[in-house]
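Which chain is which? The protein sequence lines are A and B, in order.
Mapping of the first sequence onto the numbering used here: position 32 corresponds to residue 125, and the numbering continues sequentially without gaps.
Mapping of the second sequence onto the numbering used here: position 41 corresponds to residue 930, and the numbering continues sequentially without gaps.
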Amino acid sequence: AQTVTQSQPEMSVQEAETVTLSCTYDTSESNYYLFWYKQPPSRQMILVIRQEAYKQQNATENRFSVNFQKAAKSFSLKISDSQLGDTAMYFCAFINAGKSTFGDGTTLTVKP
Amino acid sequence: GAVVSQHPSWVICKSGTSVKIECRSLDFQATTMFWYRQFPKQSLMLMATSNEGSKATYEQGVEKDKFLINHASLTLSTLTVTSAHPEDSSFYICSATNGAGQGAYGYTFGSGTRLTVV
Chain A
94 AQTVTQSQPE
104 MSVQEAETVT
114 LSCTYDTSES
124 NYYLFWYKQP
134 PSRQMILVIR
144 QEAYKQQNAT
154 ENRFSVNFQK
164 AAKSFSLKIS
174 DSQLGDTAMY
184 FCAFINAGKS
194 TFGDGTTLTV
204 KP
Chain B
890 GAVVSQHPSW
900 VICKSGTSVK
910 IECRSLDFQA
920 TTMFWYRQFP
930 KQSLMLMATS
940 NEGSKATYEQ
950 GVEKDKFLIN
960 HASLTLSTLT
970 VTSAHPEDSS
980 FYICSATNGA
990 GQGAYGYTFG
1000 SGTRLTVV
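#1: When you compare only the Cα positions, how much space is there between GLN918/B and ILE982/B?
#2: Kindly indicate the opening and closing residues of the beta strand (DSSP E) around PHE168/A.
#3: Do you know offhand how far SER169/A's Cα is from SER1000/B's?
#4: Closer than 7 Å: is that where the CB of VAL159/A sits relative to any heavy atom of the ligand SAH?
#5: For LYS204/A, count the other beta carbons within 10 Å of its own beta carbon; 16 or more makes it buried, fewer makes it exposed. Which is it?
#6: Considering Cα atoms alone, identify which of CYS912/B, LEU957/B and PRO975/B is closest to SER898/B.
#7: Quick one: list the residues of chain B neighbouring GLU175/A, beta-carbon separation under 7 Å, in chain order.
#8: Closest by CA to MET138/A, which one among ALA186/A, GLN162/A and PHE157/A?
#9: Within the same chain, show all residues whose beta-carbon is closer than 8 Å to that of SER907/B, passing over the 5 residues directly before and after it, in chain order.
#10: In whole angstroms, give me the CA-to-CA distance for LEU1004/B and CYS902/B.
#11: Quick check on DSSP: helix, strand or coil for ASP119/A?
#12: Name the two residues that bound the continuous beta strand (DSSP E) containing LYS1026/B.
#13: Give the range of the beta strand (DSSP E) segment to which ASN959/B is assigned.
#14: Drop a sphere of 10 angstroms on the beta-carbon of SER962/B, count the other beta-carbons inside from all chains shown, and report buried for 16 or more, exposed for fewer.
#15: Starting from the beta carbon of SER1000/B, find every residue of chain A whose beta carbon is closer than 9 Å, and list them in chain order.
#16: Beta-carbon within less than 7 Å of MET104/A's beta-carbon, same chain only, minus the 5 sequence neighbours each way: which residues are those?
#17: Quick check: the stretch 177-193 of chain A against the stretch 115-130 of chain A, are there 3 or more CB pairs under 8 Å?
#18: Please classify ALA152/A as buried or exposed, where buried requires at least 16 other C-beta atoms within 10 Å of its C-beta.
#19: What does a CB cutoff of less than 8 Å around ASP925/B pick up in its chain, not counting 5 residues either side in sequence?
#20: Using a Cβ-Cβ distance cut-off of 8 Å, determine whether SER280/A contacts chain B.
#21: If you drop the 5 nearest sequence neighbours on each side, which residues of the same chain put their C-beta closer than 6 Å to that of MET182/A?
#22: To the nearest angstrom, how far is the alpha carbon of LEU140/A from that of ASP119/A?
#23: For SER943/B, which of VAL900/B, ALA891/B, THR920/B and VAL893/B has the nearest alpha-carbon?
#24: Measure how close the beta-carbons of GLN927/B and SER979/B come, nearest whole angstrom, since I'm counting them as under 8 Å.
Structural data, given as structure tokens:
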């Protein structure tokens, strides 16, 4: 069974600063997909970024980027130029063969 | 992009009654839908996985007779909470996938339903 661990229950960052959210996972699979989802106060789950395990290149989506270390089973999310609208709960997710595992989430607060 | 509509967004029901939550994929065929339960400030707990036209697969500890799931078409899945009790009060979320790459592109989530049983 897969496990996903987010060791930071809560984090805060000043507006315009950079913040990194950590995620580690455990699996014996070699081919899988990793995701970061954002859940703002509206509670709508929004896909932020995805990474294919067989790709070494780190995924980037505008201000969001990941640091994917497959050997270390680490998948951190970096948010640059943080904005007030980034305030949300962030979930790291692992998907393999159609089955998903979510981390416990990190609540991020962006302070003005 | 893919859109999943979930209704109602919130519902209050009396203890002992049943309530139905609908999850619809608006612009794609959802071969698989997932139902989650989420408590405040906590992660999503997968309740069951449903594939169109077949019986849902429930996670361990989830009462299948209490949480009835139907996935009769490629665009609609329903979750019925039967004989609801206050402890069933929670936030329920659905997600859907067209099966491409078996989740390689992630899942599209509904906006959730807040159920309060009084």
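Ideal Cβ positions, reconstructed from N, Cα and C, are used throughout, including at glycine.
In this structure, then:
#1: 18 Å
#2: 167-172
#3: 26 Å
#4: The ligand SAH is not part of this structure, which contains no ligands at all.
#5: exposed
#6: CYS912/B
#7: The sequence as given places Ser at residue 175/A; Glu does not occur at that position. The premise fails here: SER175/A is roughly 21 Å from chain B at the closest Cβ pair, so nothing lies under 7 Å.
#8: The option with the nearest alpha carbon to MET138/A is ALA186/A.
#9: Closer than 8 Å at Cβ, skipping near neighbours: THR969, VAL970, THR971, SER972 and ALA973.
#10: 8 Å
#11: strand
#12: In this structure chain B extends from 890 to 1007, so residue 1026/B is not present and cannot be described.
#13: 956-962
#14: exposed
#15: What SER1000/B touches in chain A, judged by beta-carbon distance under 9 Å, is SER135, ARG136, GLN137 and MET138, going in chain order.
#16: Same-chain partners within the cutoff: VAL112, LEU114, THR199 and LEU201.
#17: yes
#18: buried
#19: Looking at the sequence shown, residue 925/B is not Asp but Tyr. So the list reads LEU933, MET934, LEU935, MET936, TYR981, ILE982, CYS983 and SER984, once near-sequence residues are dropped.
#20: Any property of residue 280/A remains undetermined from this structure, which presents chain A solely from 94 to 205.
#21: GLN132, GLY198 and THR200
#22: 21 Å
#23: THR920/B
#24: 7 Å
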